[in-house]
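Q:
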Amino acid sequence: MIHNQTIIKERPAPSSSVGAVAWLRANLFNGPINTIFTLIGLYVLYFLVVPTVQWAFLNADWIGTTRDDCSREGACWVFINARFTQFIYGLYPREEIWRANIVFAGFFTLIAWLAIPRLPFKRWVAVFALVGFPIVAYVLLHGGYFDLPRVSTHRWGGLMLTLLLATVGMVGALPIGIVLALGRRSDMPIVKSFCVVFIEFWRGVPLITVLFMASVMLPLFLPSEMNVDRLVRALIGLTLFQSAYMAEVIRGGLQAIPKGQEEAAAALGMTYWKRMGLIVLPQALKMMIPGIVNTFISLFKDTTLVMIIGLFDLLGIVQAALADSRWLGFSLEGYVFAAFMFWIFCFSMSRYSQYLERKLHTGHKR
Amino acid sequence: MMNKKHLVLLASAGAITLAGVATAQADTLEDTLERGAVQCGVSDGLPGFSSPDDEGNWQGLDVDVCRAVAAAVLGDAEAVNYISLNAVERFTALQSGEVDVLSRNTTWTTTRDTTLGLNFTGVNFYDGQGFMVSRDLGISSASELDGAAICIQSGTTTELNLADYFRANGMEFDPIVFDTSEQTVGGFQAGRCDVLTSDTSQLAALRIQLDDPSSAMILPDVISKEPLGPVVRQGDDVWLNIVKWSLFAMINGEEYGVTSENAEEMLNSDNPDVARLLGQDGNYGEGMGLEADWAYNILSQVGNYGESFERNVGMGSPLEIERGVNALWNQGGFQYAPPIR
Numbered sequence: 001m002i003h004n005q006t007i008i009k010e011r012p013a014p015s016s017s018v019g020a021v022a023w024l025r026a027n028l029f030n031g032p033i034n035t036i037f038t039l040i041g042l043y044v045l046y047f048l049v050v051p052t053v054q055w056a057f058l059n060a061d062w063i064g065t066t067r068d069d070c071s072r073e074g075a076c077w078v079f080i081n082a083r084f085t086q087f088i089y090g091l092y093p094r095e096e097i098w099r100a101n102i103v104f105a106g107f108f109t110l111i112a113w114l115a116i117p118r119l120p121f122k123r124w125v126a127v128f129a130l131v132g133f134p135i136v137a138y139v140l141l142h143g144g145y146f147d148l149p150r151v152s153t154h155r156w157g158g159l160m161l162t163l164l165l166a167t168v169g170m171v172g173a174l175p176i177g178i179v180l181a182l183g184r185r186s187d188m189p190i191v192k193s194f195c196v197v198f199i200e201f202w203r204g205v206p207l208i209t210v211l212f213m214a215s216v217m218l219p220l221f222l223p224s225e226m227n228v229d230r231l232v233r234a235l236i237g238l239t240l241f242q243s244a245y246m247a248e249v250i251r252g253g254l255q256a257i258p259k260g261q262e263e264a265a266a267a268l269g270m271t272y273w274k275r276m277g278l279i280v281l282p283q284a285l286k287m288m289i290p291g292i293v294n295t296f297i298s299l300f301k302d303t304t305l306v307m308i309i310g311l312f313d314l315l316g317i318v319q320a321a322l323a324d325s326r327w328l329g330f331s332l333e334g335y336v337f338a339a340f341m342f343w344i345f346c347f348s349m350s351r352y353s354q355y356l357e358r359k360l361h362t363g364h365k366r
Numbered sequence: 001m002m003n004k005k006h007l008v009l010l011a012s013a014g015a016i017t018l019a020g021v022a023t024a025q026a027d028t029l030e031d032t033l034e035r036g037a038v039q040c041g042v043s044d045g046l047p048g049f050s051s052p053d054d055e056g057n058w059q060g061l062d063v064d065v066c067r068a069v070a071a072a073v074l075g076d077a078e079a080v081n082y083i084s085l086n087a088v089e090r091f092t093a094l095q096s097g098e099v100d101v102l103s104r105n106t107t108w109t110t111t112r113d114t115t116l117g118l119n120f121t122g123v124n125f126y127d128g129q130g131f132m133v134s135r136d137l138g139i140s141s142a143s144e145l146d147g148a149a150i151c152i153q154s155g156t157t158t159e160l161n162l163a164d165y166f167r168a169n170g171m172e173f174d175p176i177v178f179d180t181s182e183q184t185v186g187g188f189q190a191g192r193c194d195v196l197t198s199d200t201s202q203l204a205a206l207r208i209q210l211d212d213p214s215s216a217m218i219l220p221d222v223i224s225k226e227p228l229g230p231v232v233r234q235g236d237d238v239w240l241n242i243v244k245w246s247l248f249a250m251i252n253g254e255e256y257g258v259t260s261e262n263a264e265e266m267l268n269s270d271n272p273d274v275a276r277l278l279g280q281d282g283n284y285g286e287g288m289g290l291e292a293d294w295a296y297n298i299l300s301q302v303g304n305y306g307e308s309f310e311r312n313v314g315m316g317s318p319l320e321i322e323r324g325v326n327a328l329w330n331q332g333g334f335q336y337a338p339p340i341r
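Residue numbers (UniProt numbering), protein chains in the order written: chain A, 1 to 366; chain B, 1 to 341.
#1: Checking 8 angstroms against the spacing of the C-beta atoms, do B:M250 and B:S308 come in under that value?
#2: I need the boundaries of the alpha helix (DSSP H) containing B:Y165, first residue and last residue.
#3: What are the uninterrupted segments assigned as beta strand (DSSP E) that are 3 or more residues long and contained completely in the stretch 209 to 297 of chain B, given in chain order?
#4: By the criterion of Cβ-Cβ separation under 8 angstroms, what are the contact partners of B:P47 in chain A?
#5: If we define contact as Cβ-Cβ less than 8 angstroms, is A:R366 a contact residue for chain B?
#6: Please name the residue in B:D174, B:P213 and B:M171 whose C-alpha comes closest to that of B:Q189.
#7: Measure how close the beta-carbons of B:V185 and B:L206 come, nearest whole angstrom, since I'm counting them as under 8 angstroms.
#8: Can you give me the C-alpha to C-alpha distance between A:A339 and A:R83, rounded to a whole angstrom?
#9: Judging by CA-CA distance, which residue of A:V318, A:V21, A:G74 and A:R233 is the nearest neighbour of A:L58?
#10: Cα-Cα, which of A:T153, A:I208, A:T209 and A:V131 is closest to A:V171?
#11: Tell me whether A:R184 is buried or exposed, calling it buried when 16 or more other Cβ atoms sit within 10 Å of its Cβ.
#12: Can a CB atom of chain B be found closer than 8 angstroms to the CB of A:G132?
#13: Helix, strand or coil for B:A24 per DSSP?
#14: Indicate whether the contact test is met: 3 or more Cβ pairs, each with one atom in the stretch 275 to 283 of chain B and one in the stretch 59 to 75 of chain B, closer than 8 angstroms.
#15: Please report how far the alpha carbon of B:G229 lies from the alpha carbon of B:E255, in whole angstroms.
#16: Chain A beta carbons: is any one of them nearer than 8 angstroms to that of B:G97?
#17: Select from A:L285, A:G260, A:D313 and A:A22 the residue whose C-alpha is nearest the C-alpha of A:L356.
#18: Distance cutoff 8 angstroms, beta carbons only. Does B:S209 sit that close to anything in chain A?
#19: Compute the Euclidean distance between the alpha carbons of B:R112 and B:Q234, then round it to the nearest angstrom.
#20: Does the Cβ of A:T66 have 16 or more other Cβ atoms within 10 Å, making it buried, or fewer, making it exposed?
#21: Which first and last residues belong to the alpha helix (DSSP H) in which A:G252 is found?
#22: May I ask you to list, following chain order, the residues of the stretch 27 to 48 of chain A that have a beta carbon less than 8 angstroms from some beta carbon of chain B?
#23: Under the rule that 16 or more other beta-carbon atoms within 10 Å means buried, what is A:L231, buried or exposed?
#24: What residues from chain D crowd round A:I80, counting only those whose CB sits closer than 7 angstroms?
#25: In the DSSP assignment, what residue or residues form a beta bridge with A:Q54?
#26: Could you tell me the alpha carbon to alpha carbon distance between A:M270 and A:Q283, rounded to whole angstroms?
#27: Does DSSP put B:A149 in a helix, a strand or coil?
#28: Between the C-alpha atoms of B:K244 and B:N262, what's the straight-line distance to the nearest angstrom?
#29: Along the stretch 220 to 232 of chain B, where does the CB come closer than 7 angstroms to a CB of chain A? Name the residues.
#30: Which partner residues does A:L48 have in the DSSP bridge list?
#31: Would you say the stretch 304 to 318 of chain A touches the stretch 153 to 169 of chain A, given that touching needs at least three Cβ pairs under 8 angstroms?
#32: So if DSSP puts B:N57 in a beta bridge, which residue, or which two residues, is it bridged to?
#33: Identify the contact partners of A:F312 in chain B, using a Cβ-Cβ distance below 8 angstroms as the criterion.
#34: Shorter than 8 angstroms from the beta carbon of B:T92 to some beta carbon of chain A?
#35: For B:D146, count neighbouring Cβ atoms within 10 angstroms of its own Cβ and tell me buried if that reaches 16, exposed if not.
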């Protein structure tokens with residue numbers, strides 16, 4: 001029977017159901033209402049995108065060194081170009097920038113090493129990143145040792161300062177936050193009340209107040225020969241402030257772990273620190289990745305507040321550059337550049353956290 | 001409530017005692033010589049007065065005061081640690097000893113001079129509130145502004161001065177208030193107001209930001225007094241003298257025609273005033289604990305007041321502010337320095 005039948009040859013699907021046309025029909029024009037919305041959307045996009053592209057690219061001026069090289073018809077990226085070194089390193093002396101470059105290179109190498117799973121010696125690299133590298137970075141950036149000229153922290157700035165503030169804040173806030181979160185769940189009344197008071201105090205005041213107190217009031221209370229560096233004051237304020245938020249994020253994670261986990265660990269004879277370190281925290285931290293990264297990203301952006309105490313972070317140095325009488329009137333370009341730089345870092349953090357979530361995914365998600 | 005009050009009282013009492021301690025101690029000159037740099041507080045960005053240039057060096061009229069002090073004390077105008085301060089923390093930074101000179105477009109007022117434990121050392125810029133109008137209006141004096149729509153930046157004394165001035169002259173105006181200086185310029189440019197008001201030093205900076213700066217002009221009238229000058233801590237009179245006479249040396253230098261270019265030739269000048277100024281006849285730095293060539297160092301490295309003015313805010317800069325009241329006393333302005341002798 002079968003061999004008598006002619007088998008119909010394979011034919012391509014009708015052109016109306018594959019390719020771009022079909023996709024458009026299925027997703028954008030399937031019905032009168034969607035068609036109308038699509039058209040409205042296209043119209044709005046046209047009016048947003050075309051002028052933006054024209055301003056930022058087509059009519060923009062890229063080459064030159066002074067404001068006279070700008071036609072003012074589009075963006076004047078000459079301004080960013082002329083000030084780029086300053087935006088990255090602040091007022092760091094030009095002839096010493098190689099030191100900052102080494103620190104930058106070390107910083108990104110270490111991060112990449114820790115982030116790429118294939119590379120070996122993770123543990124040792126992590127120890128170096130947390131212990132050795134900060135010392136190396138301090139010696140290089142600040143100088144005063146090994147014949148390196150001293151560069152006062154007043155001259156640090158730009159992206160370098162933003163990264164420094166954010167990194168120290170994150171690295172400091174996470175462990176302090178973990179300890180505070182554990183302390184708040186503790187049965188010991190003194191530890192518990194200390195943690196509660198600490199967290200509630202720091203969460204109760206705005207960061208801008210903390211920075212202000214650190215920069216304006218603290219010097220008046222300290223004896224005048226004890227002059228704590230302004231950057232150090234800002235770093236301490238920022239870290240303590242963020243650790244309170246971090247503590248609450250982590251406590252949320254701790255509470256989501258069923259009590260049975262800890263009880264089972266206790267039944268096996270584990271001590272408190274083993275129960276926490278091996279059973280509870282690994283599960284809690286993994287679950288809290290979105291919350292932790294959220295806090296990190298907001299910390300990264302909060303660093304711009306140090307501007308009010310006269311430190312030139314990325315945004316601060318852009319604003320200082322806008323006050324140069326030779327470059328007046330390019331605020332839009334300056335702010336777009338600052339926003340773009342912040343977006344790069346925040347977006348990378350966000351992508352990495354998503355990758356981390358997938359990697360650590362062990363089926364607790366439904 | 002009670003507790004809070006107590007805390008505040010305690011805090012301010014502590015602050016005052018400690019500020020007192022800070023002012024009582026310290027030989028600022030000795031500390032500066034030991035450190036090898038002058039700690040100078042400047043604005044975190046004010047066109048023409050203090051801002052970093054493309055190379056990252058601070059420049060401006062206020063910055064030149066810091067450089068003059070460094071040249072006088074240390075013989076090197078570059079030996080300055082610049083500390084950028086905002087308006088609120090500037091006095092604390094000075095009181096607490098974080099900076100030794102505050103040169104940050106600070107208006108000299110009674111309250112600041114008498115209650116904060118500070119001393120003003122002179123005036124390096126006579127500022128005051130002025131008006132910018134569009135040239136098309138054909139107005140030449142502020143007295144013709146009756147009924148005008150005026151763009152102002154909110155939250156500044158500018159608003160109060162303006163109301164006072166118009167009331168005193170029996171005129172009406174329509175205020176249009178903006179939050180930032182950029183918005184104010186934007187409003188002026190878009191034609192929402194006929195007039196923009198701000199301090200004259202700022203008007204010049206705002207004018208550059210217009211698409212066509214030549215379409216607007218700054219009226220000659222000034223309706224408020226804003227003398228800006230360097231400030232030091234009270235209680236160290238030697239240091240006060242040094243900062244005061246550093247500025248005077250710049251002004252005297254202009255009066256006697258000593259510039260950064262001709263300072264070396266002027267060392268051989270026959271003019272007794274110049275000889276005394278440059279330390280060729282007597283040592284006038286001695287009373288301040290300085291070398292005889294203190295003023296020579298200032299004038300050769302920083303330049304005289306006129307040079308500094310032209311370079312930073314005057315015709316040699318994009319701001320193009322007229323000398324006006326900041327001209328020397330013998331050229332129709334207020335800048336007058338006591339003689340060096």
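Here a beta-carbon is modelled for each residue, glycine too, at the ideal position from N, C-alpha and C.
Please read all numbers here as calculations on a predicted model, not as lab measurements.
A: In short:
#1: As a first step, residue 250 of chain B is located in the second sequence; it is residue number 250 there, counting from the start. As a first step, residue 308 of chain B is located in the second sequence; it is residue number 308 there, counting from the start. Yes, these two residues count as a Cβ contact at 8 angstroms.
#2: On the second sequence, position 165 is the one that residue 165 of chain B refers to. Start and end: T157 to A168.
#3: 216 to 218, 226 to 228 and 231 to 233
#4: As a first step, residue 47 of chain B is located in the second sequence; it is residue number 47 there, counting from the start. Correct list: A323, D324, S325 and L328.
#5: Residue numbering aside, residue 366 of chain A sits at position 366 when the first sequence is read from its first letter. Bear in mind that a pLDDT of 48 at A:R366, under 50, signals an unreliable position, so the number given afterwards is only what the model happens to contain. Cβ-Cβ to chain B under 8 angstroms: no for A:R366.
#6: The sequence position of residue 189 of chain B within the second sequence is 189, counting from 1. Nearest of B:D174, B:P213 and B:M171 to B:Q189, Cα basis: B:P213.
#7: Counting from one through the second sequence, the residue named residue 185 of chain B turns up at place 185. Counting from one through the second sequence, the residue named residue 206 of chain B turns up at place 206. Going by Cβ atoms, the distance from B:V185 to B:L206 rounds to 5 angstroms, so yes, they are a contact pair.
#8: Numbered from its first residue, the first sequence carries residue 339 of chain A at position 339. Numbered from its first residue, the first sequence carries residue 83 of chain A at position 83. Roughly 16 angstroms between the two C-alpha positions.
#9: Indexing the first sequence from 1 puts residue 58 of chain A at position 58. Selected option, being the one with the closest Cα: A:G74.
#10: For the purposes of this step, residue 171 of chain A is taken as the residue at position 171 of the first sequence. Nearest of A:T153, A:I208, A:T209 and A:V131 to A:V171, Cα basis: A:V131.
#11: Counting from one through the first sequence, the residue named residue 184 of chain A turns up at place 184. Answer is buried; the Cβ neighbour count reaches 16.
#12: Position 132 of the first sequence holds residue 132 of chain A. Chain B contact via Cβ: absent.
#13: If you number the second sequence from 1, residue 24 of chain B lands on position 24. Interpretation of B:A24 is limited by its pLDDT of 43, a score under 50 that renders its predicted location unreliable; no figure is taken from the coordinates.
#14: no
#15: In the second sequence, counting from the first residue as 1, residue 229 of chain B sits at position 229. In the second sequence, counting from the first residue as 1, residue 255 of chain B sits at position 255. The alpha-carbon atoms of B:G229 and B:E255 are separated by roughly 19 angstroms.
#16: The sequence position of residue 97 of chain B within the second sequence is 97, counting from 1. Yes, contact with chain A.
#17: Residue 356 of chain A sits at position 356 when you count from the first residue of the first sequence. Taking only the C-alpha atoms, the option nearest A:L356 is A:L285.
#18: For the purposes of this step, residue 209 of chain B is taken as the residue at position 209 of the second sequence. What sits at residue 209 of chain B in the sequence shown is Gln, not Ser. So yes, B:Q209 belongs to the interface.
#19: Counted from its first residue, the second sequence places residue 112 of chain B at position 112. Counted from its first residue, the second sequence places residue 234 of chain B at position 234. Approximately 11 angstroms, taken between the alpha carbons.
#20: Start at 1 with the first residue of the first sequence, and residue 66 of chain A comes out as number 66. When all chains shown are included, A:T66 counts as exposed.
#21: In the first sequence, residue 252 of chain A corresponds to position 252, counting from 1. Where A:G252 is concerned, the enclosing alpha helix (DSSP H) stretches over R230 to A256.
#22: none
#23: Working through the first sequence from its first residue, we reach residue 231 of chain A at position 231. A:L231 comes out buried.
#24: The structure shown contains no chain D; its protein chains are A and B.
#25: What you label residue 54 of chain A is simply residue 54 of the first sequence in a count that begins at 1. DSSP lists no partner for A:Q54.
#26: The residue you call residue 270 of chain A lines up with position 270 of the first sequence. The residue you call residue 283 of chain A lines up with position 283 of the first sequence. Roughly 17 angstroms separates the two Cα atoms.
#27: Here residue 149 of chain B refers to the residue found at position 149 when the second sequence is read from its first residue. B:A149 falls in the strand class under three-state DSSP.
#28: Counted from its first residue, the second sequence places residue 244 of chain B at position 244. Counted from its first residue, the second sequence places residue 262 of chain B at position 262. Their Cα atoms are separated by approximately 24 angstroms.
#29: none
#30: Translated into positions along the first sequence, residue 48 of chain A becomes position 48. Answer is none; A:L48 lacks a bridge partner.
#31: yes
#32: Taking the first residue of the second sequence as 1, we reach residue 57 of chain B at position 57. DSSP output for B:N57 lists no bridge partner at all.
#33: For the purposes of this step, residue 312 of chain A is identified with residue 312 of the first sequence, where counting begins at 1. Within chain B, the residues near A:F312 are D44 and S84.
#34: The sequence position of residue 92 of chain B within the second sequence is 92, counting from 1. Interface residue, yes.
#35: Numbered from 1 along the second sequence, position 146 holds the residue referred to as residue 146 of chain B. Classification for B:D146: exposed.
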